[in-house]
Structure formats: structure tokens, C-alpha cells
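> Let me begin by handing over the structure; questions about it come next.
Protein chains in written order, with this note's numbering: chain A, 71 to 536; chain B, 32 to 632.
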């Protein structure tokens, strides 16, 4: 579809590079001229749950530059040259956790590369899940310490039904500021919009915005120092909680002091109409669309360079009425549903394709926003039916501004057959997924050699970085 | 559904073998540790010596007799609390006393009472952690950046609203008394209410300095608002801090233990019974040293229970236990239940809340009456579900429901509809809730490869469709714990309406309780509810839930005497809920705490 075609319900905004982008939910716009800037690199994480039940159809065939997407992910084929598919990545923990189910533990390990904790208070008997907060910082937050410091938000997390069933629970948290410091996605497009754009969209005079910021910063200064003054009065464990709270306050304060994006007002001025109630299961696709659009907007407007889009939570119980499926996703994976589960898997793949399309339509001076992103489509388990961790989903997209070899399918190790009827295949000689973390860090300018648990592997993955 | 800790990896095998099998293939995977204590909890460990108490369960057999008896013994540590005689001579033991941050509900109520506003910003706050079935677990709570921003935004907005009426907010007229004098008295008064105790000398000095700075930079009006904006984000406001400055006396017989101080008790009382800040009477009592004896504390507790805010707190507890909130989003099949429109869910939730409030505060007041009361609340829309005459109003109106069909919370349409499928009833879900939520005895986890639920067949009864659960030994081991209970609810369809026929046959609602202290057959949910109401196990499970909610944590070995006190009082009062709550304020966990290790404020 021609991105410049106008329809009755569509309106346009200008990305940071000045090319019009259609986003149907917006209702008004004020186009400005493009500002020439060198485009920054971004990290994008996309999460969808429960892996795939049919890896033979989900994963590509072929290898190297000669590969074809599987039938379950064929919708990604137009972006083949801007993607890098990896096989054989594995979660490795030197010792087992004290408890927790496969999904929750994998979720806590996915971006952190370290064994999570375990807290019996998180046991949910009705669904027999449990676990604990992650054991360390996540790779996106590690990056936020460097490439996140120049934007108002060092990172942004957009959720689609991430908290409906379990609240703030390890089963639904990917990003961590540190051990046991989970970062919650914003699940409501309206709130995400207000948070990001309320100052500009109310068309307040810049002087008024400045005065408000100054006052808010003064208040925050006081609050932070007040925390420091009283935290010595509580127990050691409680002081730790107060200190973690202060870490968040400092980040809020930092956001108040970052110079506003020079072209933010020209980037967009608009109102927002939510499409559906985020707490209702059937709103899932509409919420997903709005969150995806907001994330693209936040990236293109340089409100952040690190963003994630999280669909549901691990061991997802999301229902898909719009696909006429009756059972929830997790039940389908274990019933090995062949009627509707493939549709669900294909739906999630299509969601990624829609994101890639939006990113690729934004021109940033020669390259597209997609080119300047380095993204990772992940899932909690590789295969839903047996919750294996031995061939984690790692569909990379974008090249981080040319740092990554795209158009490749790289397998680390290989699949072998086993004599186990329940798990007839296994993956041998895979790589610790920590090496993907290192790869992402290196690609985006952080010269780390290990990430998460250094015992399980070091260095980047072979063949990915240029 | 209450979230209870239990060993997650027992697979679904015949029960005689199930207890021996510690490694399962349940969907939770194979990352669990062994649990020699059997089903029911996680044992104490090296890092947590006061480990969670193995909560009472029915794993090893039932009880006989009707009078409250010792709980079934398991191999776990302190499954039965110490005898009252032992506790009488023991030193007080408060158990852990972690600092508690306000829940979103408590935040809203506190801002309401502090600033006289009804904005309720907490409703929009990011999702909270849930543990043990409740949203107020002390140690699982974290603060993430979005929440910090939301606190900041809410504080700014509240300060602007409050500042619109400056002299009301300040309690003095800055023009008449002078700005600085007015601000100083405001800091004392409003600060004392925000922090729920008098300010320390240093806190006062810092706030005064902040005011002076703000006044210079932004003028008096803004400086006053900034004081509010700041205080609403401090640790003193957001957390219930219990520190050396506010502590009660040391307890000689219990090293490291102190009496909970007066102001601390004021907050404990108000947040327990009102989910909000102390009122002026409570703060005055603390100020006048009239919260220093158990009798003074219980007198205040009884006063608080008479206030409307107590209804909200008690309803909130039941709402979380029975998951009333999930009723809002119930979706039913439009073909099978065409009358169940989008507004029914919220209506059923409101009705469930009204039922609980009615029973506890205006009716029998006991847990038993919660299970047996025939009172209901209907409006014109809901009346057909209950088969009663429409009251001629859209407002929920109290009615007496037909006693043969409805008695207690398990026969309220809300609970029945919530524990059902979109197009049919659900004996497994209903049976599971009774076993887990009311007996605190959850069945083991299901295995990984459970087949799909048999499709709805209008010619076959639910009982028949679930026959495999009984005939297949792999299923029966666990389902024998759930289905015989849940099938007793078959007189209620997927939206909680009563039916005497299903698939053109009379409904068979016979059921059986096993592995409990009230074993035996029953016919229908009304009779089942009767049996549950006299079960010592169910009563003790109820006590356990109140412990979690009231103290914001699970029971530990150290809480034995608090539990003994609660269980005995509950039994003696025939399950009077308000009496239980008063008893909780008399316990070691409430009247005492661990000494703060830190310095002064």
C-alpha cells in the first residue's frame, strides 16, 4: 500500500525524518518541515508468548543467505533482507532455581541472562505457576545506561494485556532495572499516550512547560533527599526497598531535566481516541495496534531509543475470539490444537510484520527507522508443548544502523533426534543466549564481553556483527 | 482465587501414589526442589529460617466430629499452633514485621481523607503485585518507573486541587497571620496528618527550608502547593514506617522485640480496618498515650468497625478472596445465555459486595452466615436469574431468596457465573475453589497434556460429559478431589441461574466431600454450604486468609501463638468476623514488632 495515500479516516504525522506516515487513530496533525539529523540507533524488543508448537514450520529452511521463511512466518518474507534469524540459542543456568515453572523462569531469564530468584509468595495454585524476580539487570536497561541517557525516557515498555491475569508478577516481566527491580509495561494506550505527549498536545506555551518542569524538579529534589534522610531509620531489608524506590525517583527527575526534543512539537500534535478497554480480552488486537503505533511514534520522535512491545505474559492464557478460537493460548499448546493454534501463531507473526512495515516506512535520511533499529522478536519458550529452552526464538530485525549482517539464517549447533517419545528432537551444541545479549550490546556501542551470568558464555555470537 | 503456596510438581496420579511422587510432569516444568514436607507449603530454608508455615491441609486424612479440633497433622513444622496454655506463658512473638507500602486502594482512601477529594488516582496506577491472593503483600511490592511517575503526577494534581482553596488547606489565613507563620503551622498540622505522626525536629526543619526556597522561587501559593506535592511522594507518606522514634517500650522477655508504638498502632488499626489513614480520634489517642494497652487498642478497633469505612475494608477482603473484581469482565456465550449482557458482570460484582456487607454488618456477622444467608440483592435486570419478582427498580434491593435454591455466597449468581465457562457450568472450577479457597487444601497440579474439555452437548448432562474424570485412574486421582464437590453445583448453570433440568433430565446435584473434617455425601449447594459452615478446617482456612490480608504476609513458625489466638477466638465466637478482626489487634503480631535497627528520623 502506498504510504502516502490518504483515506477518509486516516491522518498523517511526520516522523523525525519528515516523511508522512499514516496512523489511523490520530485525528489531527500539523505537518512541519523535516529536520536533518543523523539518526540514532535503537533497540526494540518484541515479545509474544508460548513459542511455537511446530518449529519445523515456524523456523526457516535453508541456511546463511539462502533461506526461506517457514509457513508459519511466511508473512515476514518481504523483510528478509532486513532480518537475521538465529537458531540454537539456549537458556543456561549453572544451577537450578529454588522453584518456579518453566515459563516464568524463562521469562525472568530472557533479557537478563541470569538465574532468577524464587519467592513462594508468587505461587499461583490455580494455574500452578510460580517463580521470582530476575537475578540481575536486563540487556535493554544495561543499554539504557548509555544510549538511553540523551532522551527524555531512557526506555519505554508498551504492554498488551501484560498484567491482566497475574498483576505485577515475574511471569509477565521482561525488563529489570536490577535484581528484583522489575519494570512494568504500560498496558493502556491512553495512559501511554498521555505520559508521552500530554505536554505538547495540550499546546501549553513553552514558558509554562518550563516553569512546571522547574517546580516538579524542585519537588523531586526534596523528595529524593528526604528519602535519604529517613531511610537510615528502617531495617536493612526495608532500606533496600527505599533505595530502589529512590532509583526510580532519580530516573523520573532525569527525565525532567532532559532538553525537550527540538522537533517534538513538529513531530506530532494530536488527540487520541482509545480503541477498546485494555482489560477486556477481546480488545487485544486493537490495543496491540495502538501500542505498536505509539511505540513507533516514540522511537521516530526520539522520545526514547530503547523500546519494547510485550504481548500478554509467559504461559499466556489470552483468548482469540477474533480468530474464532475458544480455548486460551496455553491450553491450545498442550492440547496440540491443529485447528486454531497455527492461526494464533500466524497472527503473532503478522503483528511483527505490521511493526516492521511501520518502521520501514519512516525515512531517516537515507536509511529507514527499521534499518536504524536492532530488534529481537523473542518468546518465553521455544516450543509451547514441552516448554523447551534449547532453541529460543531469536528473529532479529533491522541492523542497528548497519552493524549487523542481515538477510541471514544462522544456526548454532544442530537439531538431533532422540529416543524420547515425548521429546523426539533436541538441540545440541547450542549457544548460551547471553551471547545474544553481548551481540546486542556490542552492536549498539557497548563493548561488553559478557552479560548476565558470565559463567555460561562470553563474547558475541559468531557471524552476526559486521 | 486465593494464591496459596504449595508444592507445584505433584502430578495427577491416584492419590495413594501421588504423595510419594515428588517429581511431576506438570506444566510447571522440572525446576522445582524436593519438598519432604509434602503438599501444602515450602519448608524453611537456610536463607529463611522462619520459613513459611506449612498451612493446614487435608493431605493425610480427615477429622471427625463437629467441634473445632486440632488441625490434621502433617509432617511439616508447626502445622498445629501451640496450645493456648503454652502461649499464655510464652514471650510475645510478632513474627516478621516488614515495612508496608500503601496499596493503590489505600493510597486513594488516604488522599480522600487527607485532602477531602474523591479523585481516586490510584485506580489508574500500574498493576500491583498479588501474592497469597491479596494485593497487599509487604515484601513482594516493588516500585517501577511508571509508578514513580504516577505518584508524581497524582501528587501534582492533588496539590493543585487542594491549593485552589488555600486558606481551607492551610487552616489559617496567610494574610491575617503572616505567610511564614501560617506555613509553619501548616507544616506541623498537615505534615503530622500526612506522616500520620508528629514530625521530628529535623523533618520540620527540612520542610521549612524547602518552603522558604519554594517561596523565593515560585511565590507563596505555589510554595504551599509544593509542600503538599512533596509530602505526598515521601517515604513517610507512601510507606507505613515503624521506626525507633515511634516505637513502644522494649519487651524484656523477648530480646529484639518492642511494643508497637501508639502512632504505629493508630496506622495499623486504620489501615487494617479502614484501608485508610487514622482519623483525628486515633491520632489524639496516640498523642495522649491512650493506645498503650490491649484494652485501649480493642476499644478503638470496635469503634472503627462501626464506621462505614470498615464495610469497605471487609468487602475488599472478600472481594479479593472470592475474586469479585474478575466478575466485571465475565463474557458469556450470546447464543447460550443471550440475556447476559455486558452490564451483568459489574452488576453481579456489586451484588456480591452488597451481599457480603449485608451479612457481616447487618446480618448474622459470622463466616457461617456468609455461607448460609438467604439474603440477596437484585434489581429488575438480575431478578430473572434468581427467579424472584422484579423489585421495580434499577437499584439493587434486598430480597429474601428461595431457601431451597439459595443460601450463602456459593449460591450467589456472581460466584457461580465466575466459576463457569462461557457456555456451560464448570464442576471442576467450582470444586477446585472449594478445595483450595475454602479448605486451603489445593489439589496437585494438572499434568502437561490435558485434553480439551468435552464440547458442550445439549443431549448429555455435564456429569456424563465429565465421566472420564471418574473412570480413568490417571484423572481420578486429582479429580476425585474436585468433581464430586463441583457436581453438587449442577443446579446452577453458566450464569448462576437455577435449573432443575439439564439435557431434558432432572439435574443430579449429588456430591461428596472426602479428605476433610466434614466428609460425607450431600445433595446440592445449599446442603454443601451448610457442611462447609461447620467445618473446622474451613474456619481455620478462613483465619489463614485473614492473617494474610491483615498482616500482609504468610504465616511463619514464629506466628504460632497469633494463629492460636485467632483460631480460638473464631471458634469461641462461632465464626464472628468482626470479633476475629478485634482479636487480631490483640495478637503478638499486632501489638508487638521487631525493633528497628536504624537510627532516628
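Backbone N, C-alpha and C define an ideal beta-carbon position, used for all residues, glycine too.
Since the structure is predicted, the reported quantities are computational estimates derived from the model, not experimental observations.
1. Less than 7 angstroms between the C-beta atoms of residue 173 of chain B and residue 252 of chain A, yes or no?
2. Less than 6 angstroms between C-beta atoms, sequence neighbours within five positions excluded: which residues of the same chain meet that for residue 254 of chain A?
3. How many angstroms separate the CA atom of residue 636 of chain B from the CA atom of residue 533 of chain B?
4. Is the distance from the Cβ of residue 470 of chain A to the Cβ of residue 131 of chain A below 7 angstroms?
5. Out of B:507, B:556, B:579, which one is the CA nearest neighbour of residue 542 of chain B?
6. Can you find the residues in the same chain that come closer than 7 angstroms, C-beta to C-beta, to residue 283 of chain A, ignoring five residues on each side of it along the sequence?
7. Is DSSP giving residue 148 of chain B helix, strand or coil here?
8. Using a Cβ-Cβ distance cut-off of 7 angstroms, determine whether residue 53 of chain B contacts chain A.
9. Please determine, among A:209, A:370, A:175, the residue with the shortest C-alpha to C-alpha distance to residue 511 of chain A.
10. Please check if any C-beta of chain B sits within less than 7 angstroms of the C-beta of residue 238 of chain A.
11. Have a look at residue 359 of chain A and residue 137 of chain B and give me their C-alpha separation to the nearest angstrom.
12. Could you tell me whether any Cβ in chain B is nearer than 7 angstroms to the Cβ of residue 293 of chain A?
13. Any heavy atom of the ligand GTP closer than 6 angstroms to the Cβ of residue 173 of chain B?
14. List the whole-angstrom C-beta distance separating residue 624 of chain B from residue 125 of chain B, where the pair is believed to meet the contact cut-off of C-beta under 8 angstroms.
15. What are the residues in the stretch 361–392 of chain A lying within 8 angstroms of chain B by C-beta distance?
16. Please determine if the stretch 412–426 of chain A and the stretch 388–397 of chain A are in contact, where contact requires at least 3 C-beta pairs separated by less than 8 angstroms.
17. If you follow the alpha helix (DSSP H) that residue 354 of chain B is part of, which residue opens it and which one closes it?
18. Out of B:180, B:321, B:380, B:146, which has the shortest C-alpha to C-alpha gap to residue 633 of chain B?
19. Counting only Cβ pairs nearer than 7 angstroms, list the residues of chain B close to residue 253 of chain A.
20. Determine whether the Cβ of residue 507 of chain A lies closer than 7 angstroms to any Cβ atom of chain B.
21. Taking Cβ to Cβ, would you say residue 522 of chain B is nearer than 7 angstroms to residue 507 of chain B?
22. May I have the straight-line CA-CA distance separating residue 262 of chain A from residue 364 of chain A, to the nearest angstrom?
23. Using a Cβ cut-off of 7 angstroms, pull out every chain A residue sitting near residue 338 of chain B, in sequence order please.
24. For residue 319 of chain A, return the contacting residues in chain B, with the cut-off set at a CB-CB distance below 7 angstroms.
25. By DSSP, does residue 263 of chain A sit in helix, in strand, or in coil?
26. Of the choices A:439, A:461, A:205, whose alpha-carbon is the least far from that of residue 496 of chain A?
27. Would you please state the rounded distance, in angstroms, between the beta carbons of residue 221 of chain A and residue 373 of chain A? I believe it to be under 8 angstroms.
28. Touching or not, the stretch 368–387 of chain B and the stretch 341–352 of chain B, by the rule of three or more beta carbon pairs under 8 angstroms?
29. In three-state terms, what does DSSP make of residue 256 of chain A?
30. Could you check the C-alpha separation between residue 404 of chain B and residue 440 of chain B for me, to the nearest Å?
31. Compare the C-beta of residue 534 of chain A against all C-beta atoms of chain B and say whether one is closer than 7 angstroms.
32. Among A:256, A:443, A:382, which one has its Cα closest to the Cα of residue 177 of chain A?
33. Quick check: the Cα distance between residue 244 of chain A and residue 180 of chain A, rounded to an integer number of angstroms?
34. Do we get a CB-CB distance below 7 angstroms when we pair residue 473 of chain B with the residues of chain A?
35. Decide if residue 268 of chain A is buried, meaning its Cβ has at least 16 other Cβ atoms within 10 Å, or exposed.
36. Which word fits residue 277 of chain B, buried or exposed, when buried means at least 16 other C-beta atoms lie within 10 angstroms of its C-beta?
Let me spell this out:
1. The answer is yes: Cβ separation under 7 angstroms.
2. Shown here for residue 254 of chain A: same chain residues with a beta carbon closer than 6 angstroms to its own, the five before and five after excluded, namely 238 in chain order.
3. A query on residue 636 of chain B cannot be resolved here, the shown segment of chain B reaching from 32 to 632 and no further.
4. No Cβ-Cβ contact shorter than 7 angstroms links residue 470 of chain A with residue 131 of chain A.
5. It is B:556 whose Cα lies nearest to the Cα of residue 542 of chain B.
6. Closer than 7 angstroms at Cβ, skipping near neighbours: 326.
7. The answer is coil: DSSP assigns residue 148 of chain B none of H, G, I, E or B.
8. At residue 53 of chain B, the pLDDT of 30 sits below 50, so the modelled position is not reliable; the number obtained from the coordinates is stated separately. Closer than 7 angstroms: no.
9. Of all alpha-carbon atoms in A:209, A:370, A:175, the one lying nearest the alpha-carbon of residue 511 of chain A is that of A:209.
10. Residue 238 of chain A has a beta carbon lying within less than 7 angstroms of a beta carbon in chain B.
11. Cα to Cα, residue 359 of chain A sits roughly 34 angstroms from residue 137 of chain B.
12. Residue-level contact check: residue 293 of chain A touches chain B, since one or more beta carbons of chain B fall below 7 angstroms from its beta carbon.
13. In the structure shown, the ligand GTP is absent, as is every other ligand, since no ligand is present at all.
14. Rounded, the Cβ-Cβ distance is 5 angstroms, consistent with contact.
15. Across the stretch 361–392 of chain A, CB contacts with chain B closer than 8 angstroms involve 385, in sequence order along the chain.
16. As far as the Cβ criterion goes, the stretch 412–426 of chain A touches the stretch 388–397 of chain A, which means the pair count is three or higher.
17. Premise fails: residue 354 of chain B is in no alpha helix (DSSP H) and is neither H nor E.
18. Here chain B has residues from 32 to 632 only, and residue 633 of chain B is not among them.
19. By Cβ distance, chain B contributes 175, 176.
20. No, residue 507 of chain A lies away from the interface with chain B (no Cβ there is under 7 angstroms from its Cβ).
21. In this structure, the beta-carbon distance from residue 522 of chain B to residue 507 of chain B does not fall below 7 angstroms.
22. The alpha-carbon atoms of residue 262 of chain A and residue 364 of chain A are separated by roughly 8 angstroms.
23. Within chain A, no C-beta atom comes less than 7 angstroms from the C-beta of residue 338 of chain B; the nearest is roughly 29 angstroms away.
24. Chain B residues near residue 319 of chain A: 179.
25. Helix.
26. Of A:439, A:461, A:205, the residue nearest in Cα terms is A:461.
27. Sure, about 6 angstroms apart at Cβ, within 8 angstroms.
28. Yes, they touch.
29. Residue state for residue 256 of chain A is assigned as strand, using DSSP reduced to three classes.
30. Residue 404 of chain B and residue 440 of chain B: Cα-Cα distance of roughly 8 angstroms.
31. No - not a single Cβ of chain B is within 7 angstroms of the one on residue 534 of chain A.
32. Considering only alpha carbons, the answer is A:382.
33. Roughly 7 angstroms separates the two Cα atoms.
34. Answer yes: the Cβ-Cβ gap between residue 473 of chain B and chain A drops below 7 angstroms somewhere.
35. Counting of Cβ neighbours within 10 angstroms places residue 268 of chain A among the exposed residues, the total staying below 16.
36. Residue 277 of chain B is buried by the Cβ-count criterion.
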